[in-house]
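The opening residue of the sequence shown carries number 12 in our numbering; numbering runs sequentially from there.
Cβ atoms here follow ideal geometry from the backbone N, Cα and C, with glycine treated the same way.
These numbers were taken from a predicted model, which means no experiment stands behind them.
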Amino acid sequence: MKQKIYRIAEGMNKKINFIVDHSFDLEVIFQGKNSSAEIIGLVRPKRHTNIIIQTKQIHNYPHSKSNLLIRSVIPEGACVTYEGIIRIEKQARHVDAYQKNETMLLGDTSHIHTSPILEILNHDVKCTHGATVKPISETELLYLQSRGIPQPQAKKMIVQGFIDGIIKK
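Spelled out as structure tokens, the structure:
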């Protein structure tokens, strides 16, 4: 599994972007006050593969902020396991941490196992997480087809719209 570690120093504002089609482990460690990171990821496994994505947002200092958004597009026969951890240490007060995992399943045999985890040792923080899983919207598909767009092209447009929503960030 490929691993990447970022250490965010005091006063540093970091933007982290990644696109992966393989297993990946990302750690973002806040090592100073008034530090922040925006983490944006796109997961695109190949058909009939199993991959594991792990993220850790570790807040060691007060007044740090993290915002993580991962979108996954899972093709037929592929499986993604996502484990996201936000850890806020006891001394890290006034932390603002967010984690969101959004997934689009492209087939009946596409799977996601998602596990957002909060480890909060100081309760003077703002911390939220969430996960959404959806197939291609039949309503969107029918709308595009009613406008004369063939089904395969309509599906590609819907997937591209989902991806563009994160690429533009």
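Which residues DSSP lists as bridging residue i, in chain order
i: M115; result: V84, K145
i: N78; result: E49, Y109
i: L37; result: K15, T66
i: K25; result: A48
i: V31; result: V54
i: K137; result: D107
Residue i burial status per 10 Å Cβ neighbour count (16 or more: buried)
i: G176; result: exposed
i: H70; result: buried
i: G52; result: buried
Backbone secondary structure at residue i - three-state DSSP
i: Q132; result: Checking the sequence, you will find Leu at residue 132 rather than Gln. The answer is coil: DSSP assigns L132 none of H, G, I, E or B.
i: V106; result: coil
i: K179; result: coil
i: P127; result: strand
i: T150; result: helix
First through last residue of the alpha helix (DSSP H) which encompasses residue i
i: K44; result: Element bounds for K44: n/a, residue is neither H nor E.
N- and C-terminal bounds of the beta strand (DSSP E) containing residue i
i: G95; result: 90–99
**Item:** Three-pair Cβ contact test at 8 Å for the region 67–83 versus the region 91–100
**Value:** yes
**Prompt:** If you pair each beta-carbon of the region 32–45 with each one of the region 12–24, do three or more pairs fall below 8 Å?
**Reply:** yes
**Message:** Can you confirm whether the region 149–158 touches the region 118–129 when touching is taken to mean that 3 or more C-beta pairs between the two stretches lie within less than 8 Å?
**Reply:** Under the three-pair Cβ rule at 8 Å, the region 118–129 does not count as touching the region 149–158.
**Asked** Below 8 Å, can you find three or more Cβ-Cβ pairs linking the region 102–116 to the region 136–143?
**Response** Yes, since at least three Cβ pairs between the region 102–116 and the region 136–143 fall closer than 8 Å, the two stretches touch.
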